[in-house]
Structures are given as structure tokens and as C-alpha cells.
Amino acid sequence: MRVLILLKTNEGGMWILPQVRALRARGEEVVVCIPEGDGKLRRALDGESIEVLPSPFDFEFGPRFSTLRGLLALRSLVRQVCPDVVLYHLYASALAGRLSTIGLPLRRVHMVAGPLYLDSPIIARLEGFLRALDDTLISGSEYTFRRYEQLAGPRPGNHTVVPYGVDAEAFVPATPEERRRARRRLGILEDEFVAIIVAYVYAPKTLAGYTTGVKGHDTLIEAWDEFAAGQEGVRLLIVGGGFDDEGEVYRQELMARYPGRGLLWTGKVTDVASYYAAADVSVSPSLSENHGAACEAGALGLPSIVSDAGGLPETVDTASGWVFPRGDVPALADRLRAAHQAFVEGRLRAMGVAARDRMVRLFHSPSAAESVADAVQGVVGSGDPVVTAFTEAHFHRGLAGVTAPDGANGDSQWGRYAALGGTLRVAGRTSAPEEITGGEVVSTSALVPLPEYHGAGELVRASLPLILAVDRAVAQSDLVICRVPGPIGTLAALSARCRGVPYVTEMVGDPLDVLSSGAAGEVARRAAKGAAKVTRWVVSHAAAARFVTRSNLQAVYPAALGRPVFGIPNVRIPRAKLRSEPRAMTGERVRLLAVGSQETNYKGHDIAIRALGHLREDGVRAHLVLVGGGRLHEDLKELAGELGLTDSVEFTGAVSRSEVRLAMEAADILVHPSRTEGLPRVVVEAMATGLPVVATPVGGVPELVPSDRLVGVDDHRGLARAVASLLDPVVYEESSRLSLETAEGYVQERVDEAFAEWVATLRSLAQEHRARNGGA
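Note that UniProt numbering numbers the sequence shown so that position 310 is 310, with each residue one more than the last.
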């Protein structure tokens, strides 16, 4: 494979070097196209014998003939190189790379070094459409990922997050002697507190709406003036020259405007590490930024004070630095005082150790370069069949990788498809929240991000980009797995049908139950019958169908005659976790447990609370533990308060699967008053611990729970009566025994044997399609 890297500078952009090395180490041919002339980057590329071609385009855009002539010349050069992939960095390079390669038989990968240009409303609106020309978009920070996901318009083929990072093996903390030498050279005393900023000085970028330099020098100097007033032994080291001629003029203006005040201006330097060695804390006060100098500072063992601009907050945590609102002089002065206090108390060194650990784990550039190489190779493909599974699940993408916040759509789920033998991709709703907590890692499959949405209203607003993103992913597939019910799986099936790509269905619930319950709103309730009809059509036209139930869903949504049909649950119980003996009722207080997402009312936690109220009214000493988190969490707490049950209901929030298991071990009865289900994992897992279960007869639940333990949907009084009937010790123990017998049918080895046959069917369908299409 041949890769052409396009970059608008021959001086900066040294961060492409680890990426070039990673690609070449994999046997790929790399050619770099940069402006003609000498520069730091050009010398480094020549030093590693990397082929460099001078760009015939000057990367200056304007309404003039020279722009068109330059783009056509660049297009001619690209055709001569004949690359399989063009990888471009920096926005002018991206524009040139996209426009000059339209219609050429190649793939485009855009890696975003910084999101400053998106601060311009005009450019942001334009970029919402131009990004569709990228086959893969690599955001250099979680913040940039969020900014791009918020843009209106069609989406790129794939979108991921990879930091540019820092080489933590090249940037290592200074020794005590190196620190002393650095300070002596600069005339800084050993016991002085030194803050440092390492950044080019930029003139104000009026197009993006900035009246001061984007790196925040003005903010820092004014905050330093406030902090340093009356202080002895504090210095601010300002390292960096003007980015260009205008930037140097602006730097000189700043030096004239802020003379003295403990400031040390160095101008442009070649060895920033020797200046960091003299410092105690790094400051990055940028108004717009990716990760900036905080990465180098952290690798060198310095804690950082960063603004909340762009991706900067991602570079620190409470153990390694501070964050302040961009442009807020008093807030920055407060953070400087906090850093100084930590210096006086001797805590800064430990913070520096934590900062370096964070850089090694999340920002080490050779590791990041391998991820870029994965993306570049992935955009071309390996030649093996590509299978894409479309799911309603939510995913979080961040610097540490991809997680499934529900804990059920990570490697334990998708790793089961490893025997497919080709490339497995999972397409689902994706976001990059500022705080990612918990969830299950997704590492065994590639993620295809789809627009994030919650509820019918957001779905309507996201419908066009969702349709386009689903269709693009289907077009790149040899087989499509449609998880239904849900709009994503349904759209994927319709797209596959139109494109002639085979698709299979995995039915995990009944849309009639989901929508007619009213939990998704009145509009959805009215659409329930129509949605069920569409789902029935989707299943009937599938090349094969898998159901999570053994017979229930199959009877309502039958596959076409002669098509392979499988009844395989998503639940697998390791035999070691199957209780050997039935439970016995112990204690005077019955402990009820309900587990499920509180994002919607589907799981009926409000019914469980009301049932508890009836039990208490009837004199039953009962306590309810609600496990789960989501948007309705606070509403459920309010309901418990209104019913006078605050002391009788425990809300755990979202917890890990191991903590769910502990909650089951501590409970007496599982209540599962769900308004819709497929075949609920939590019910089978609870039964494996010997818990009796009271539930509603939705989805595949009747296959699990005896009829005398089933109550109507929304029947909180019936739920209370069913729970009360289990308080007889003999009845309780018999119900526990039946739970264990049911769970025996879901032991892992039995389920895995059936699932292996399903995967073999998928593999055959994917290979047949690829063979029919000439391996394309």
C-alpha cells in the first residue's frame, strides 16, 4: 500500500514522524508532500530517508486563478504518485487534499491537529459538508470529536479519536543536576517558584473571533501580575517566538506592554526540555487548543495549569494539574496561587509524577501512531469479508479507547463473533462525553460511529445524517447484522435490501411491547403497530434470523420459510456461577431487587416503588434496592419521597456487573416489572443465584418465569401480591429451586455451541457475497 501524507508546512508538523515510522514498519510505502524549501520537518524526513515531494500548491486559498492552477497541479502530482490513501493534517492541507482528489480512486484520511477553524461559523458550516469527502476522520482530542459530531450535514465514513501526543521515551524528567544547571543559566535561584509557558505567539485571529493571541499570553501575564503582587521569589518563563512575522510583531507589543514583573522572555528556542527543567509548573492558557504543550510538560514531569479550551482539560486530572475557564484572569491567578501553595508544601513533585504517568498511559506518541496506522490500513481493508453489526447501543469514544456504558455491549458481547474470520465492525450511537466512567471495553471489533440521539425528537433531528451514515456503512459491508427492533437496525436492513447486500436479523425484543407501553412517548405509542409491521417485514426478508427467545418472538415475527432460524439468548452463565442449592427465606425483612437502565421507563422501576408502598401498607417489612442510572434517576427518587418511602428504597446508580452480582447475592427476590423485553439477562443471572423472580409477561419472559409469578404490565398491586405470596418459606424454597433449573438451560457451554453454528452461517453468507463481487 502506498500512503501520501500532505502537509502545508516544512517547518512544523514534526508529529507526523512517529506515524511515518509506524506505517513503514508495517511494510507500507510512504511519500510526504510539503512546501518546497528548507525546514525542520524537511531535514528530519531527509535524515530518515523518507521520500519528499515539493507541493506545487502553496496552500493559500482565495478567489484567484492561481488557487485553481495550484490545486490542478497538486491533483496531477497525486495522480503521478498513485497512492492508495492520502493522509492530511492541518485544515489548509485538508481542503487541498480533498478538493484535488475528488473522483480519484483512493481513500482519504483527515487527522485534525486542532479545532480552531471550527470556531468560525462559516467554516464550521462548510466543514459539515466537506467532511463527507473523508473516508476516515481522526480527531486529535475528545473535544474535537464532540465538535465534529455536533456539525450538521453528512458524515465521514468513520470517525475516531487519536491524540498526537508526546514521545514519553524522548521527553523524560530532568535530573536534579540538570535542573540546577538550567536555573543557573537563566539566573533563577534554587528556591524560586517558576511557572513556564512554551508556545508560539500568534497575532489575533479575527476570522475566528479573537481580539487577543489565541495562545492566551495576555491572560497569563495579567493573571501573573495579580498573583505575583507582593510575592517574593516567583518567576514566569515565557518561551517561544512569533509564529510568523505578524506573531513576532505581536510578541514585541506584549513585551513592551508588560515590562519586568518577574517575566523572562526567551524568544524562539530549539531545546524546550532544558527550559522546562528550570520550571515547577507549566501553564497553557490557550483560547483554542488541542492538547498543546501540556503533553510535553507532563512527560517531563511537570504538573500543568490549563484552560478549559478544546482538548486541554483532557491532559490533566485532579492529581496532576488544574483547569480554569479560558480568558478568566482572576481564576488563573487562583490556580497559580494553588500551584504555589503546593510548591511551598512540597506536593508539586508528586503531581509531576502523576502527570508523567498520565502521558505514558494516554498520550505516548509511538502508541498513538500505531492507532493512526491502524486507521490508515483499515480504510483500505484487508481483503477479508467485512461484517457490520448495527445496534441501538450507545458507545463512548475517548483517548483510552471505546467503552459500552451499559456494560452489555463490550467485548463480552462482540468478542463472540471472532470466529467470523473477517473484519467485524459495530455501528452504534457514539459520543465522547467529558467524563467517561465505567462501562465495558470494546476492543475486539472496530466501531463505526453513528449520530448520538435520545428519544423520538432527537431521532427526527438526526434522521438525515443517520440515514446517510448507515447507508455508507452498509455499502462497505459484505454482510449486515441488524439488531432489531429499533430504527438503526431497520434502516440498515432497508439499505442492505436496496444495495443487494445480504443481511441477517438478531431480534432482541418486541417493538409492539416497546412502543405500546407509552414509555417512549405518545407519538411512539401510536406508531407501535406500524413499527411491528415493518419489523415483521425486515425479519421475513432476512437471509437468516436469530432470536434471543426459544419460541416467543419467533411466533410473532417469523422468518421466511427455508431460511436458517436460531433461538440463542445473549445470556451465558458460567457454570461456576450457578448456585448449587436452593435458597431459604431468612430474616424478618424481605429484600427486593430491581436492576435496569433508568434512561427510560422501560424497566418499570416506578412500578417497583409503588409495589413496595403497597407491601408496606399491608404490614410487610420490605426494602427495595434499585440498581441502575439514567435520566429518570432523580424522578424515581422524587417518587419514592412522595410515597414516603425514602428510607425504604436504596438507589445505587450505575454499577459494575460484579457489583450487580453482589446485589443479587444480598437480595431475597428479584422484581422485574418491565414494560418491554427480549430475553432479559438480569432475570437469568438472578435465577442463577437462586433468586425467585416476579416479572411481567413481555418478550421472552414467559419462557423464564412461571405463570403464577407473572403480573400485568403496570400492575403494581399485582406485583405486591405476587411478592407477598413468596414469603411462605416452603413456596420460597420451591421457587428458588425452579429458578436454578431454568438457569441450567443457559449455561455458557450450551449457549456457545449454538452460537458457533450461527457464526458459521454468517461467515458463509459474507464469503459468498464477497466471492460474487469479485473480492471487492
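We treat Cβ as the ideally placed atom computed from N, Cα and C, and that holds for glycine.
Predicted, not measured: the structure shown is a model, and the values here were computed from it.
With 16 other Cβ atoms within 10 Å as the buried cut-off, status of residue i
i: residue 486; result: buried
i: residue 488; result: buried
i: residue 455; result: exposed
i: residue 227; result: buried
i: residue 511; result: buried
i: residue 729; result: exposed
i: residue 504; result: buried
i: residue 242; result: buried
i: residue 782; result: Look at the range of the chain in this structure, 1 to 776, and you will see that residue 782 is not part of it.
i: residue 595; result: buried
i: residue 122; result: exposed
i: residue 554; result: buried
i: residue 667; result: buried
i: residue 776; result: Below a pLDDT of 50, predicted positions are generally treated as unreliable, and residue 776, at 47, falls in that range; the measurement from the model is reported next regardless. Label assigned to residue 776: exposed.
i: residue 648; result: buried
i: residue 323; result: buried
Nearest-angstrom Cβ-Cβ length linking residue i and residue j, presumed shorter than 8 Å
i: residue 673; j: residue 608; result: 6 Å
i: residue 299; j: residue 351; result: That pair is no contact at about 14 Å.
i: residue 254; j: residue 218; result: 7 Å
i: residue 57; j: residue 96; result: 6 Å
i: residue 777; j: residue 262; result: Since the first and last residues shown for the chain are 1 and 776, residue 777 lies out of range.
i: residue 286; j: residue 205; result: At roughly 12 Å, the Cβ-Cβ gap does not stay under 8 Å, so residue 286 and residue 205 are not in contact.
i: residue 233; j: residue 190; result: With a Cβ gap of about 10 Å, residue 233 and residue 190 do not count as contacting.
i: residue 275; j: residue 196; result: 6 Å
i: residue 395; j: residue 404; result: 6 Å
i: residue 571; j: residue 685; result: 7 Å
i: residue 100; j: residue 75; result: 4 Å
Beta-carbon spacing of residue i, residue j below 8 Å
i: residue 568; j: residue 589; result: no
i: residue 622; j: residue 636; result: no
i: residue 407; j: residue 440; result: yes
i: residue 282; j: residue 309; result: no
i: residue 481; j: residue 748; result: no
i: residue 432; j: residue 461; result: no
i: residue 32; j: residue 45; result: yes
i: residue 697; j: residue 710; result: yes
i: residue 166; j: residue 295; result: yes
i: residue 544; j: residue 564; result: yes
i: residue 840; j: residue 425; result: Nothing about residue 840 can be read from this structure; the chain reaches only from 1 to 776.
i: residue 422; j: residue 444; result: no
i: residue 85; j: residue 20; result: no
Three-way DSSP call (helix, strand, coil) for residue i in this model
i: residue 585; result: coil
i: residue 776; result: With a pLDDT of only 47 at residue 776, under the threshold of 50, the placement of this residue in the model should not be trusted; the figure read from the coordinates follows. In this structure, residue 776 counts as coil in the three-state DSSP scheme.
i: residue 541; result: coil
i: residue 574; result: coil
i: residue 122; result: helix
i: residue 63; result: coil
i: residue 289; result: coil
i: residue 57; result: coil
i: residue 494; result: helix
i: residue 397; result: strand
i: residue 275; result: helix
i: residue 652; result: strand
i: residue 626; result: strand
i: residue 434; result: coil
i: residue 592; result: strand
i: residue 144; result: helix
Range covered by the alpha helix (DSSP H) that runs through residue i
i: residue 465; result: 455-475
i: residue 682; result: 681-688
i: residue 366; result: 365-380
i: residue 29; result: Residue 29 -> not in any alpha helix (DSSP H); beta strand (DSSP E) instead, spanning 29-34.
i: residue 256; result: 245-257
i: residue 330; result: 329-344
i: residue 483; result: Element bounds for residue 483: not the alpha helix (DSSP H) but the beta strand (DSSP E), 479-484.
i: residue 503; result: Residue 503 -> not in any alpha helix (DSSP H); beta strand (DSSP E) instead, spanning 503-507.
Range covered by the beta strand (DSSP E) that runs through residue i
i: residue 88; result: 85-89
i: residue 265; result: 263-267
i: residue 15; result: It is not in any beta strand (DSSP E) - residue 15 carries neither H nor E in the DSSP assignment.
i: residue 430; result: 423-431
i: residue 188; result: No beta strand (DSSP E) contains residue 188, which DSSP labels as neither H nor E.
i: residue 723; result: First-last for residue 723: 716-725, but that is the alpha helix (DSSP H), not the beta strand (DSSP E).
The ligand COA heavy atom lying under 7 Å from the CB of residue i
i: residue 449; result: Among the components modelled here there is no ligand, and therefore nothing to report on the ligand COA.
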